[in-house]
Amino acid sequence: MGTFRLATLLVALVTVPATAQNLFPDSLFGTDSRLSANAGGMETFSNFMMQPDGKIVLGGWDFGAGGTGAFNIMVRFDPCGRIDSTFGTDGIVHHHFDVRNMGHAFALQPDGKFLAAGVQAPDNSSSSQTPFVARYLASGSPDTTFADTGTHARRFAPGERGAFYSVERMPDGRILCGGEYAFGGIGLGAMRFMPDGSLDSTFGGDGIVRHDVAASFMRECYASTFQNGDVVVAGRYLVGGNIAHFIAVGFDSTGALNPAFGNAGVFVDTVPLGGLTLRNVLVKDLDDRLVMACTREPNADGIELVRLTPSGAPDGTFGTNGHVTITGSTKNCRGLRLMADGGYLVLGSDDGTGFGFAVRLLSDGSMDASFGNGGYLSVDLIPGSDQLIDVVELPNDRLLFGGWNTDQWMQRYSTQLNVPHISGDTLLLHTTGGISFQWYLDGAPLAGETDTVLAPIGNGGYSVEVTDDLGCTYMSAVFTITGIGIGELDGDGFALRVHPNPAMGAFTVDHPRLPGASFVLANALGDAVLEQRTTGHSTVVDATALPAGPYIVRLSDGARAWTGKVMVE
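Numbering of the sequence shown is given in the numbering used here, commencing with residue 1 and proceeding in unit increments.
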């Protein structure tokens, strides 16, 4: 008789609650949790757009290879990180209307078309920079029914260079863009466009509103519409040296300055912020409260956030007097996202590590200690200095982060460790429920082996393909079994038999007469739920108290071993 060694392959389902601290790179996405969107130049990431069909589009811009100007970029991919080749050219839109188009903000319309806003110019001169808004078809081609050519470039006033940093489609189809201007004057403003791309003359008389500021420079100004139709424009202005402050200006729906907002229409914060090279961001929640975030001034520590009520006053229910400070002298703010539960994710870059980072705040501004490491998550997109810009919430506690280094990169994280890995004689997969499996032997699928537990049928290389609820698949590494007789008959021509299978209430295991042999029933985690010694040709197991699921039966007399599988219902 041959010598047997017991070897059972398991895939263990371990559900981690949504409040678990650990977040793992999700290898069911892209390549090893990452996806690069290289359009050929040096790229900058702007923001994500989530389509109703689950596909995701990132927007941004790049300087074309070989000094060919600047281009709007859009890349479409599915939740698994597979580029959608039906979009643009091989999944990428790389386009400009003039020598330079830099898309700082993108938005998805309900009809599947895309809006882009930013800077357009005929050359590389800063004085030529003009705010633009453009529209693309769902296929990624320019929509030439929009402003006749697909783009509308317009200055806040003749002779003033400027840029848009936000684009928002209003419920009635009109489009609101916010930005900044300089040279003729310095300030922030908004333009409102009709659905066909023409300026909306009911807003400010000509579709344009502006507010001059006594400043040396404006930085990244955004516009948003309140539920009552009023408009706010907010950003950061440089007052001298390398010190800046938050500013927000309120307008009514006609474009007139709203005296009920802030102080006679204007809110100016007193907290000193970082200067010209840093980024500030803004989001608006469902209650029309505004949150602005920026790196603090160079001699301070960390990132500053302020939340305003719809009337333009600091919101006392957020942090201290409407302010929250995230400490960390090497951390720079790059992005801010309102989460589905009303909390916030602050995104950025860490000069100390070169990694991107995310900090999660609850709706009251306190740190969410259940996220990452006490509220903080370090995200290593690629080696180098990562700039984390945006994040998308996906089902089952997944987060898709986006940013850039020299290319645009994405990385998906999950509260589950989704990679099958080998530990001794056991293959373990930590993941959520609702995942399907297919086992393979020497590269060929094993018919009917789609459970979380596999009793090997012989020598060879075993692997398992895992599919998650989004349809993403991942093949485990091969686990090789050699020199054992699992699944073979013993010298007396006997193999272990389990019946009924599936079982409900009780099942019987027929086996050789081996008085005193070890009989073990193990669950999908490999833990023994029953251990006893055999007395005859069969063993009856009472399964009434066992949770439903797959189990492995193990029988061994020290020299020989048999295994079987039973499904308890």
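Virtual Cβ for every residue (Gly too), placed ideally from N, Cα, C.
Hey, out of F156, V392, T68 and K55, whose CA is closest to T86's CA?
Taking only the C-alpha atoms, the option nearest T86 is K55.
Run of the beta strand (DSSP E) containing D510, from where it starts to where it stops
A506 to D510
Pair within 8 Å by beta-carbon distance, V209 and G262
no
In the structure shown, what three-state DSSP assignment does D490 receive?
Confidence is the limiting factor: at D490 the pLDDT is only 44, short of 50, which leaves the residue's position unreliable and the question unanswerable from this model.
What residues are listed by DSSP as bridge partners for G178?
Beta-bridge pairing by DSSP links G178 to S166 and A190.
Could you check what DSSP says for S556 in three-state terms: helix, strand or coil?
strand
Return helix, strand or coil for S126, following the three-state DSSP convention.
helix
I'd like to know if the stretch 303-321 and the stretch 349-358 are in contact, where contact means that at least 3 CB-CB pairs between them fall below 8 Å.
no
According to DSSP, is T431 part of a helix, a strand, or is it coil?
The predicted model places T431 with a pLDDT of 42, which falls under 50 and marks its position as unreliable; any figure quoted below should be read in that light. In the three-state reduction of the DSSP assignment, T431 falls in the coil class.
Going by DSSP, what residue range makes up the beta strand (DSSP E) through A153?
T151 to A153
So, D350 versus V306, is the Cβ gap smaller than 8 Å?
In terms of Cβ geometry, D350 and V306 do not form a close pair [threshold 8 Å].
What is the DSSP secondary structure of R289, reduced to helix, strand or coil?
coil
Tell me where the beta strand (DSSP E) around Q411 begins and ends.
Q408 to S414
Who are the Cβ neighbours of I422 in its own chain at under 7 Å, not counting the five residues just before and after it?
The pLDDT assigned to I422 is 47, lower than 50, so where the model puts this residue is not dependable, and the model offers no usable value.
In whole angstroms, what is the alpha-carbon distance linking F401 and Y344?
Going by the C-alpha atoms only, they are around 14 Å apart.
Between the alpha carbons of D468 and T452, how many angstroms are there, rounded?
Straight-line Cα distance between these residues: approximately 13 Å.
Anticipated Cβ contact below 8 Å, L336 with A358, distance rounded:
L336 to A358, Cβ: 11 Å. No contact.
Less than 8 Å between the CB atoms is what I'm expecting for G118 and H104, so what's the real figure, rounded?
4 Å
Alpha-carbon to alpha-carbon, D53 and R497:
47 Å
Endpoints, beta strand (DSSP E) assigned at G402:
Element bounds for G402: R398 to W404.
Under DSSP, the beta strand (DSSP E) around T480 begins and ends at which residues?
F479 to I481
Residues in the same chain with beta-carbon distance under 6 Å from M191, minus the five sequence neighbours each way, listed in chain order, please.
C177, G207 and I208
Output the distance between the C-alpha atoms of R279 and P550, rounded to the nearest integer angstrom.
53 Å
My parser needs the beta strand (DSSP E) runs of 3 or more residues fully inside the stretch 58-142; what are they?
Annotation note: the stretch 58-142 contains the following uninterrupted beta strand (DSSP E) runs of length 3 or greater, listed N- to C-terminal: 70-77, 92-95, 100-108, 114-121 and 130-136.
Among all the DSSP beta bridges, which residues are the ones paired with I247?
G235 and V268
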